[in-house]
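Just below is one structure, and these are the notes that go with it.
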Amino acid sequence: MRTDFQHLLVKQDGGVLTITMNRPEVLNAFNDAMLAELTEAVEAVAQDDAVRCVVLTGAGRAFGSGQDLHSLVEGRSSGAVGVVSEHLQKYHRVVYAIREMPKPVLAAVRGVAAGISCNIALACDLRVASEDARFIEAFARIGLVPDGGGGYFLSRLVGVGKALELSMLADEVRGPEAERIGLVNKCVSLELFEDATQALAQRLAKGPTRAYALIKKLIYTSAESDLQTSMRLEGELQDIAFETEDHQNAVVAFLQKRQPEYKGR
Ligand code: T3D
């Protein structure tokens, strides 16, 4: 995949590809160009077998501040933004690409994650936050509803009651509270943030990647289905997992009392 983006920094370290949204002067707010680049990068990395974990983060003091409100106003006055639901489909494409990515996607959130940036973090499979992280469903502050899948992700992560509270009051949730209510998987101090993120990402990148893709499918599908449907799917996916090199080698490694080395195959 190309790496010469205008508003993204892309760096690969072993099996981990880190995509950094890079408009720090506006706290990494999304303009159309950054959104198009993020879509391109996320879709491209899905096809790259050398990448076995993706980290999504923001440059500077924030993860992201949502839709760029300057662009929104300009788009409105020029007529470029017409029906907003059509514009939202561009965001939905990124959300789907993250969810369908056949490898783990980790959001690394320091500072503010507001509006649709917050919900893109929630679309990721796992989240690490720093203690100074501030999750804000900022939409109601400007008279909007949560978009980018917010209505879906929030209630599943924190329950309907809390989802309503966060969406209506649009108060910020700091890193430690986000961990307590299940909005993030792990909250660490700012000093440990980079190391903790990379350690988790490298661990995932050295894991059984094909099983991880199947696990994503099982867990996300099961959240929408009954037990019978889930267990039917579990059988189909286990048939696939059973044939992978990683599974077969891991069983041999166990019997030989050594650690397995997963190849992602
Ligand atoms: O068309 C569609 O697709 C509609 C979809 C909408 C989806 C959405 O995401 S709606 C929500 C949009 N986002 C917001 O409403 C958040 C707006 N920003 C803020 O409320 C605050 O900036 C924050 C709470 C995020 C952070 O506050 P703070 O005090 O840490 O920073 P700040 O000083 O407000 O911001 C720093 C700079 O970033 C500042 O610029 P300046 O004054 O230094 O030149 C500020 O204007 C700029 N900035 C922050 N957020 C945005 C932004 N510029 C453009 N768009 C932003 N969203």
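Numbering-wise (numbering that gives the first Met the number 0), the sequence shown opens with residue 0 and increments by one.
By construction, the Cβ of each residue, glycine as well, lies at the ideal position given by its N, Cα and C atoms.
A quick note: this is a predicted structure, and the numbers were derived from the prediction, not measured.
| In the DSSP assignment, what residue or residues form a beta bridge with L125? | One-based indexing of the sequence shown puts residue 125 at position 126. Answer is L105, bridged to L125.
| query | Hey, out of A49, E235, L165, V82, whose CA is closest to C117's CA? | reply | Numbered from its first residue, the sequence shown carries residue 117 at position 118. Selected option, being the one with the closest Cα: L165.
| field | Inter-residue CB distance, A106 and R126 (contact presumed, cutoff 8 Å) | value | Along the sequence shown, read from residue 1 onward, the residue named residue 106 stands at position 107. Along the sequence shown, read from residue 1 onward, the residue named residue 126 stands at position 127. Their Cβ separation, rounded to whole angstroms, is 5 Å, which keeps A106 and R126 in contact under 8 Å.
| Does the Cβ of R22 have 16 or more other Cβ atoms within 10 Å, making it buried, or fewer, making it exposed? | Here residue 22 refers to the residue found at position 23 of the sequence shown. The residue in question, R22, is buried, as its Cβ has 16 or more Cβ neighbours within 10 Å.
| request: Go ahead and label S272 buried or exposed: buried means 16 or more other beta carbons lie within 10 angstroms of its beta carbon, across all protein chains shown. | output: The shown model of the chain, from 0 to 264, leaves out residue 272, and the question about it has no answer.
| query | According to DSSP, which residues form a beta bridge with R133? | reply | Residue 133 sits at position 134 when you count from the first residue of the sequence shown. According to DSSP, R133 bridges with V111, R173.
| Residues near A122 by beta carbon distance below 7 Å, same chain, minus five either side | For the purposes of this step, residue 122 is identified with residue 123 of the sequence shown, where counting begins at 1. Closer than 7 Å at the Cβ level, and outside the excluded window around A122, lie V94, I97, R98, G148, F152.
| Residues bridged to T243 [DSSP beta-bridge criterion] | As a position in the sequence shown, residue 243 is number 244, starting the count at 1. According to DSSP, which records beta bridges pairwise, T243 is partnered with nothing at all.
| message | Considering Cα atoms alone, identify which of F138, T196, E24 is closest to D12. | response | To locate residue 12, count along the sequence shown from 1; it is residue 13. D12 has its Cα closest to that of T196, out of F138, T196, E24.
| query | H246: beta carbon under 7 Å from a heavy atom of the ligand T3D? | reply | Within the sequence shown, residue 246 is the residue found at index 247, counting from 1. It does not: the Cβ of H246 is nowhere closer than 7 Å to a heavy atom of the ligand T3D.
| Does the segment 134-143 come close enough to the segment 171-182 to have 3 or more Cβ pairs within less than 8 Å? | yes
| field | Coarse secondary structure for M33, derived from DSSP in three states | value | Taking the sequence shown and counting its residues from 1, one reaches residue 33 at position 34. Note: M33 maps to helix in three-state DSSP.
| request: Return the chain-ordered list of same chain residues with a C-beta closer than 7 Å to the C-beta of E244, the five sequence neighbours on each side being excluded. | output: Here the question's residue 244 lines up with position 245 in the sequence shown. Once the five neighbours on either side are set aside, the close Cβ partners of E244 are K262, R264.
| field | Integer Cβ distance of G63 from L26, believed to fall under 8 Å | value | As a position in the sequence shown, residue 63 is number 64, starting the count at 1. As a position in the sequence shown, residue 26 is number 27, starting the count at 1. That belief holds up - the Cβ atoms of G63 and L26 are roughly 7 Å apart, short of 8 Å.
| task | Using only alpha-carbon positions, find the residue among R51, I119, Q247, A40 that is nearest to Q66. | result | Along the sequence shown, one-based indexing puts residue 66 at 67. The shortest C-alpha separation from Q66 is found at I119.
| message | Suppose contacts are defined by Cβ-Cβ distances below 8 Å. Is A61 in contact with G110 by that definition? | response | Position 62 of the sequence shown, counted from the start, is the residue given in the question as residue 61. Position 111 of the sequence shown, counted from the start, is the residue given in the question as residue 110. Against a cut-off of 8 Å, the Cβ pair of G110 and A61 comes out as a contact.
| Looking only at its own chain, which residues have a Cβ that is under 7 Å from the Cβ of L191, when we skip the five neighbours before and after it? | Working through the sequence shown from its first residue, we reach residue 191 at position 192. No residues qualify anywhere along the chain.
| query | What number of angstroms, rounded off, separates the C-alpha of A28 from the C-alpha of A112? | reply | For the purposes of this step, residue 28 is identified with residue 29 of the sequence shown, where counting begins at 1. For the purposes of this step, residue 112 is identified with residue 113 of the sequence shown, where counting begins at 1. Their Cα atoms are separated by approximately 10 Å.
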